[in-house]
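Numbering follows our numbering, with no gaps: position 27 of the sequence shown is 199.
Positions of the beta carbon are idealized from the N, C-alpha and C atoms, including for glycine.
Note that this is a predicted model, so its numbers are computed, not measured.
Here's the structure, in structure tokens; my notes come after.
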Amino acid sequence: MRADQIVELTSAAPDFFADPYPAYRKLRAEGPVRRLRMPAGEDVWMVLGYDAVRAALGDSRLRNDVRHSVSYDSDGGYAIGRNMLQVDPPDHTRLRALVSRQFTARRIAELRPRIQEIATGLLDDMAPAAPAAPAGPGPGTAAPGPSSDAARHADLVTSYAFPLPITVICELLGVPVADRDAFHDWSGKIVAFDDAEAAAAAAGAMTAYLTGLVEDKRHSAAVGGDLLYDLVRTHDRDGDHLAPDELLGMAFLLLVAGHETTVNLISSAVHLLLTHPGQLAALRADPALLKGVIEETLRYEPPVQIAAYRYTAETLTLAGTRIPKGERVVISLAAANRDPARFADPDRFDIRRDPVANRAQLAFSHGIHHCLGAPLARLEASIALPALLHRFPDLALDGTAVPEWRPSLLRGLHRLPVRW
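In structure tokens, the structure reads:
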């Protein structure tokens with residue numbers, strides 16, 4: 173099959189949303205670049221091979237600015253402000269530098285005690301009758317179980333994997349925690365494949381809310397404060413600062429990316445451990461394997477399946493395939509992370525995988541658009557997973573219910589029923 177022959181993605185893989193990896197494997201075997209029709213109906217060029225994906229992520233001829241698309245509507249513009257995923261250098265360089273002045277490694281590290289406190293509170297809510305667990309070295313030490321022998325049940329997504337990161341990012345940005353459910357609903361619709369009208373309505377609602385929030389921060393009389401407060405006031409040595417549409421875009425990006433990806437990382441890691449009991453037993457026996465769990469989950473089940481859309485600024489050849497100017501290019505991080513040319517036995521989940529080899533995984537992208545929030549996601553997962561496994565040593569999938577995957581640009585569970 174020629175690389176430019178259009179393949180209907182959902183026709184090629186009817187169960188794509190439940191398990192996209194067989195489709196990626198089949199398409200990648202036909203070539204590193206394929207012409208596809210996405211579920212929403214748009215025709216794209218998808219990059220699937222690891223080497224091609226890594227090259228594409230660093231190719232300056234592939235632009236993030238939608239105005240390079242032949243189908244760009246000049247009356248459209250940016251859906252929600254203007255953020256780093258929608259611009260190219262030098263604008264991207266400027267935006268990232270301004271945001272990085274406030275979103276620092278020190279600021280993230282200082283969140284550790286609060287993340288631990290949030291995790292403990294959520295686990296207390298899940299098992300109100302269970303005695304408090306003594307501090308332990310990690311997931312290898314079992315905590316006292318519930319006072320009752322009766323099995324307990326919960327949806328891990330709604331009770332733990334979602335509220336932890338949304339609380340963290342809302343507090344970090346200064347968003348009232350009471351609004352977290354609305355944000356989860358809006359962001360879920362925006363990244364979904366299946367309802368363009370719902371996505372547009374959600375984008376409008378989020379835009380209106382964030383516009384008001386940014387203005388509140390701008391006029392706040394407080395001295396010092398949350399990240400959004402500081403972003404409103406940040407500037408470089410020359411006095412450059414974030415414009416109103418840039419503040420709106422960055423607030424949107426940090427809120428959506430700051431919780432959606434981590435929800436998916438935590439829930440996917442738990443799902444993988446519970447469906448691979450040998451791996452879970454190894455982690456309980458050796459808590460030092462926690463880092464391997466996180467990195468292998470990122471490789472095996474990346475929370476972001478594709479990078480932000482790119483557009484060809486000129487006619488170019490990528491991995492031997494000619495792509496005309498103005499075309500939309502979808503870069504599949506998930507397909508790259510399962511490429512056997514780069515990872516041995518890629519469809520096997522292995523928390524002992526060589527850490528040097530696993531550092532090549534592309535879950536957080538590569539190059540100038542490497543995820544700024546990756547350290548925060550890793551920190552939250554490194555706290556959430558051992559806390560959960562320590563509290564509930566008998567944690568297992570609930571056999572009466574089936575996990576549900578979301579039909580989305582992101583890869584995440586809608587529900588993960590568990591018992592203990």
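One thing to note: LEU557 has its Cβ no nearer than 7 Å to the Cβ of VAL329. Under the DSSP definition of a beta bridge, SER504 partners with ILE478. Comparing C-alpha distances from VAL340 to each of ILE362, ASP398, HIS325 and ARG390 shows the shortest one belongs to ASP398. A distance below 7 Å separates the beta carbons of ASN436 and PRO475. Distance from the Cα of LEU382 is smallest, within the candidate group ALA291, GLY213, SER359 and ALA368, for SER359.
Taking all protein chains shown into account, VAL574 has fewer than 16 neighbouring C-beta atoms within 10 Å of its C-beta and is therefore exposed. Rounded to whole angstroms, the gap between the alpha carbons of ALA423 and GLY221 is 33 Å.
A residue is called buried when at least 16 other Cβ atoms come within 10 angstroms of its Cβ; VAL442 meets this threshold and is buried. LEU425 and LEU257 do touch by the CB rule: their CB atoms are close to 6 Å apart, below 8 Å.
One Cα belongs to GLN288, the other to ILE438, and the distance between them is close to 14 Å.
In the three-state DSSP reduction, LEU283 falls in the coil class, being neither helix nor strand. Under DSSP, PRO589 takes part in a beta bridge, and its partners are ASP327. Under the criterion of beta carbons closer than 8 Å, ALA549 and THR434 qualify as touching, at roughly 5 Å.
Following the DSSP letters along the chain, one finds VAL442 inside the alpha helix (DSSP H) bounded by residues 416-447. According to the DSSP assignment, VAL271 belongs to the alpha helix (DSSP H) that extends over 263-272.
Between ALA375 and ILE362, the gap from beta carbon to beta carbon is short of 7 Å. Taken in chain order, the complete alpha helix (DSSP H) segments of 4 or more residues contained in the stretch 367-409 are 368-390 and 399-405. When the alpha-carbon of ARG524 is set against those of VAL502, GLY571, ARG500 and PRO459, the nearest one is in PRO459. Residue environment analysis places GLY430 among the buried positions, since at least 16 neighbouring C-beta atoms fall within 10 angstroms of its C-beta. In the displayed model, HIS538 falls within coil according to three-state DSSP, outside both helix and strand. When secondary structure is reduced to three states using DSSP, ILE495 falls in the strand class. C-alpha of GLU214 to C-alpha of ILE503: approximately 15 Å in a straight line.
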